[in-house]
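> Residue numbers (our numbering): 359 to 507. Just passing along the structure, written as structure tokens.
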């Protein structure tokens, strides 16, 4: 049935050794289900009244509703502040100015600076002054174009 194991045992008795053979207990295979590492269903005791999952505040519906309400109110507060409560600034004036005035004024300012630089360096400014006069014509053309829209 089980393989038998023979073990030899040495016994030393007063300077003489004799070998004695004896039969050992049969070795049987180890089963995992009999070890202490096994934690199978037959070892567990279930208490159906006691669950392992304990709900916390952050997984509750009330927390999710409060979080959603907080996000909606935050976005609404930003819209109200930008739409109603904020005072006008220089940036608003720039954004509300018609585009033909913005481009014409910017081009005029750049040409005037170039004319001043050219006069300081002693260069001819007739071409730059003609270009400055042409800006008024371009401004009128842009105004007509933007008024059509």
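We treat Cβ as the ideally placed atom computed from N, Cα and C, and that holds for glycine. All figures in this text were calculated on a predicted structure; none of them were measured in a lab.
1. Would residue 487 and residue 473 be called neighbours here (beta carbons separated by less than 9 Å)?
2. With DSSP run on the structure shown, which of helix, strand or coil describes residue 416?
3. Here's the rule I'm using: 16 or more other beta-carbon atoms within 10 Å means buried, otherwise exposed. How should residue 395 be labelled?
4. Could you check whether residue 493 and residue 469 sit closer than 9 Å to each other, using their CB atoms as the reference points?
5. With respect to the alpha helix (DSSP H) encompassing residue 393, which residues constitute its N-terminal and C-terminal limits?
6. Looking at C-alpha atoms only, which residue of 429, 459 and 410 is the closest neighbour of residue 500?
7. Roughly how far, in whole angstroms, is the beta-carbon of residue 489 from the beta-carbon of residue 462, given that I think they are within contact range, below 8 Å?
8. What span of residues does the alpha helix (DSSP H) with residue 460 cover, start to end?
9. Between the Cα of residue 400 and the Cα atoms of 407, 408 and 391, which residue gives the shortest distance?
10. For my contact list, residue 446 and residue 504 are in at a C-beta cut-off of 8 Å; report their separation, rounded to the angstrom.
11. In terms of residue numbering, what span does the alpha helix (DSSP H) encompassing residue 504 cover?
Straight from the coordinates:
1. Within the chain shown, the letter at position 129 stands for residue 487. Within the chain shown, the letter at position 115 stands for residue 473. The Cβ atoms of residue 487 and residue 473 lie closer than 9 Å to each other.
2. By one-based count along the chain shown, residue 416 stands at place 58. In the three-state scheme derived from DSSP, where H, G and I count as helix and E and B as strand, residue 416 is classed as helix.
3. The residue labelled residue 395 in the question sits at position 37 within the chain shown. So residue 395 counts as exposed.
4. The residue labelled residue 469 in the question sits at position 111 within the chain shown. The residue labelled residue 493 in the question sits at position 135 within the chain shown. In this structure, residue 493 lies closer than 9 Å to residue 469 by Cβ.
5. Taking the chain shown and counting its residues from 1, one reaches residue 393 at position 35. First-last for residue 393: undefined, no H or E at that position.
6. Your numbering for residue 500 matches position 142 in the chain shown. Cα-wise, what sits closest to residue 500 is 459.
7. Taking the first residue of the chain shown as 1, we reach residue 489 at position 131. Taking the first residue of the chain shown as 1, we reach residue 462 at position 104. Contact check for residue 489 and residue 462: beta-carbon distance about 12 Å, past the 8 Å limit, so the pair fails to qualify.
8. Residue numbering aside, residue 460 sits at position 102 when the chain shown is read from its first letter. Looking at the DSSP string, the run of the alpha helix (DSSP H) that includes residue 460 is 457-479.
9. For the purposes of this step, residue 400 is taken as residue 42 along the chain shown, with counting starting at 1. Among 407, 408 and 391, the Cα nearest to that of residue 400 is on 391.
10. For the purposes of this step, residue 446 is taken as residue 88 along the chain shown, with counting starting at 1. For the purposes of this step, residue 504 is taken as residue 146 along the chain shown, with counting starting at 1. For a cut-off of 8 Å, the C-beta gap from residue 446 to residue 504 is around 22 Å, too long to register as a contact.
11. As a first step, residue 504 is located in the chain shown; it is residue number 146 there, counting from the start. Segment 484-506, the alpha helix (DSSP H) holding residue 504.
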